[in-house]
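Chains as they are written, first to last, in our numbering: chain A, 524 to 758; chain B, 4 to 258. These notes are about the structure you will find just below.
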Amino acid sequence: MIAIENLSKTYGKLTVLKDLTVHFEGGRVVSIIGPNGAGKTTMSKCILGMVLPDSGDIKFNGESVLRKYAYRSQFGYMPQIGRYPENMKIRQVIEMVRDIRKGAASIDEELIGLYGLKDMYDKRMGALSGGTKQKVSAALAFMFDPQVLILDEPTAGLDPISAEILKCKILKEKKKGKLILITSHIMSEVEEVADEVMCLMDGAVKFHETISGIKHHTNEERLSRAIAKIMNEED
Amino acid sequence: MNKLIKYVLYDIVRNKIIVAYTLFLLLLSIGLFHLGGSPDKGLLSLLNLVLLTVPLISIVFGTTHFYNSYEFMELLVSQPIKRSKIFLSEYLGVSLSLSVAFGIGVGVPVLLFAPGATGLFLLLTGIFVTFIFVALAFLASVITRDKAKGIGIALLLWFYFALIYDGLVLFVLYSFGDYPLEKATLVLTALNPVDLGRVLVLLNLDVSAMMGYTGALYKSIFGSGWGIAIAFAVMVLWVLLPLLSARRVFQKRDL
Chain A
524 MIAIENLSKT
534 YGKLTVLKDL
544 TVHFEGGRVV
554 SIIGPNGAGK
564 TTMSKCILGM
574 VLPDSGDIKF
584 NGESVLRKYA
594 YRSQFGYMPQ
604 IGRYPENMKI
614 RQVIEMVRDI
624 RKGAASIDEE
634 LIGLYGLKDM
644 YDKRMGALSG
654 GTKQKVSAAL
664 AFMFDPQVLI
674 LDEPTAGLDP
684 ISAEILKCKI
694 LKEKKKGKLI
704 LITSHIMSEV
714 EEVADEVMCL
724 MDGAVKFHET
734 ISGIKHHTNE
744 ERLSRAIAKI
754 MNEED
Chain B
4 MNKLIKYVLY
14 DIVRNKIIVA
24 YTLFLLLLSI
34 GLFHLGGSPD
44 KGLLSLLNLV
54 LLTVPLISIV
64 FGTTHFYNSY
74 EFMELLVSQP
84 IKRSKIFLSE
94 YLGVSLSLSV
104 AFGIGVGVPV
114 LLFAPGATGL
124 FLLLTGIFVT
134 FIFVALAFLA
144 SVITRDKAKG
154 IGIALLLWFY
164 FALIYDGLVL
174 FVLYSFGDYP
184 LEKATLVLTA
194 LNPVDLGRVL
204 VLLNLDVSAM
214 MGYTGALYKS
224 IFGSGWGIAI
234 AFAVMVLWVL
244 LPLLSARRVF
254 QKRDL
């Protein structure tokens, strides 16, 4: 569904992505892990066209997405830290995005309902807590029934109940054949929702495998141990 | 695109600066027309003040607006919209609202106290200067991510066009006073949109007789329909050049 080919990106002298080549299929939840600054967010932003790579290509269903924009109607993005115009109300933000994506075939308001956002519709974005902003980001990402969801540390600011709601939603959407990319540092969570783990290190793929595969060849029951083992082995 | 402009305008109208700007221009114009005896004198003083304040307010407002809309643009770039569309909507939103403020603040008094061709030129010049300086403001804002730096660059640009440039021109004229400089002055004028606007209005005011040979040359060039058309074409270039280069930078930029 998404193929990244030889992607490179530098910020000044700092190389963030180094000749990254990776492939993601639909109907799967892929967890992207890696140390801070490994290029996880940069990779997601490149897929979304927010960051322009220096070289390489990104293909969505066989077509390059670089310098295009229409493909983004098939994408939902939940940023790590949602930044919104401070003096717009929740209602206005949601209505604006909906106005922009008028062509969307179906509107999914499940998360708005589950998070009780309607009761807060008249609050200004600037007055919201970090967690509530995350809920708005999540609701917007899932709203237009996209084929690909990119969630950047989705549960970082959420309370346990809201995080649980989000996990259920992720699994539900996976069954519809969507591709869901999640960056996360919480291994228990990765184990719960993901099918595959992709580990980025210094801008390149360290490993990309299914969870059962990782557990199998490290002989570990728990994913966090298994991953620690792989990291230590190759050092 | 219209949708986006709607949201940009909505955002601008809600902060009261644009209303204050309109009232400021309105008071300024009415005051000047009451002070000076003849409407021509009023227009002349108004011209000088407009050419000083409109660029300043356009460039400062444009820059701060751009930085304050960062979140808005960030939200939009992950949506299925072209980047240039986001950029142009921001630009049109800002320059249109400032132009409307100018149109009300200066246009209405001019229409009441000094209707005529000169007033019309003053209005056109003011609107062009607004569009030009908002474009320069956006160029200053895409060059750097740092808000303070961006506003600094914007203020420097204003200083340059409103004050320093005239000093440089005087210096050139003074140093090379022994040579025929008519054509050179003409080129120098075209290189500064503020001066170009000033000359356009002045030539309609019959004070050009006092401007010596250069004034006569201006009159012979800008007095004709062709000359005016060329002057406005140069103004259009002054809008497009900074605007398109700013858009280029914006499209290649990481958000």
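Glycine included, each C-beta is placed from N, C-alpha and C at the ideal position. Keep in mind it's a predicted model, so treat the numbers as computed, not measured.
Taking every protein chain shown into account, the CB of B/S98 has 16 or more other CB atoms within 10 angstroms, so this residue is buried. Note on geometry: alpha-carbon atoms of B/L126 and B/V252 lie some 31 Å from one another.
For B/L78, the residues of chain A that pass the 8 Å Cβ criterion are R606, Y607, P608, V616, V620, in the order they occur in the chain. Taking one beta carbon from each stretch, the stretch 186 to 201 of chain B and the stretch 237 to 245 of chain B have 3 or more pairs nearer than 8 Å; the two touch. The beta carbon of B/E93 sits no closer than 9 Å to any beta carbon of chain A. Below 8 Å, enough C-beta pairs join the stretch 152 to 171 of chain B and the stretch 50 to 67 of chain B to call them touching: three or more. Note on geometry: alpha-carbon atoms of B/I20 and B/T147 lie some 24 Å from one another.
Looking at the DSSP output, A/R647 bridges to A/K612.
When B/G45, B/V242, B/R86 are compared, the shortest CA-CA separation from B/L205 is found for B/G45. At least one beta carbon of chain B lies nearer than 9 Å to the beta carbon of A/S596. Neighbours of B/Y70 in chain A, taken as residues at a C-beta separation under 8 Å, are lacking, since the least C-beta distance is about 13 Å. Interface with chain B (9 Å Cβ-Cβ cutoff): A/R647 is excluded.
A check of alpha carbon separations from A/R606 across A/N584, A/M643, A/Q657 identifies A/Q657 as the nearest.
The beta carbon of A/D675 lies closer than 7 Å to those of T564, S567, M601, P602, Q603, T706 in the same chain, with the five residues before and after it left out.
By the rule that beta-carbons nearer than 9 Å mark a contact, A/I623 touches chain B. About 6 Å separates the Cβ atoms of A/C569 and A/I581, confirming a contact at the 8 Å cut-off. B/L139 sits close to B/A157, with the two beta carbons spaced by under 9 Å. For the pair B/L29 and B/L52, the CB atoms are not nearer than the 9 Å cut-off. Beyond the five residues adjoining it in sequence on each side, A/I673 comes within less than 6 Å, by CB distance, of S567, Y600, L704 in the same chain, given in chain order.
In this structure, B/N195 sits near B/V172, with a CB-CB distance shorter than 9 Å. For the stretch 643 to 719 of chain A, the continuous alpha helix (DSSP H) assignments of 4+ residues that do not extend past its boundaries occur at 653 to 666, 683 to 698, 710 to 716, in sequence order. The stretch 567 to 605 of chain A is shown to contain whole beta strand (DSSP E) runs of 3 or more residues at 578 to 583, 598 to 601, in chain order.
Think of a sphere of 8 Å around the beta carbon of A/V574: the chain B residues whose beta carbon falls inside it are D257, L258, in chain order.
Pairing A/A526 with A/V552 gives a Cβ-Cβ distance that is not under 9 Å.
Beta-bridge analysis with DSSP links A/A727 to A/M724. With contacts defined as CB atoms closer than 9 Å, A/F547 and A/M573 fail to qualify as a contacting pair. Residues of the stretch 674 to 685 of chain A with a C-beta atom less than 8 Å from some C-beta of chain B do not occur. Secondary structure in the stretch 153 to 179 of chain B: the alpha helix (DSSP H) runs of 4 residues or longer, each lying completely within the stretch, are 168 to 178 in chain order. Flagged as an interface residue toward chain A: B/D14, by a C-beta distance shorter than 9 Å.
Contact check between the stretch 680 to 689 of chain A and the stretch 623 to 631 of chain A: fewer than three CB pairs, one atom from each, fall below 8 Å, which does not count as touching. Sequence-distant partners of A/V720 (beyond 5 residues in either direction) whose C-beta falls short of 7 Å from its own C-beta, in its chain, are S554, I556, V713, E732, I734, I737.
With contacts defined by Cβ atoms closer than 9 Å, B/V145 and B/L258 do not form a contacting pair.
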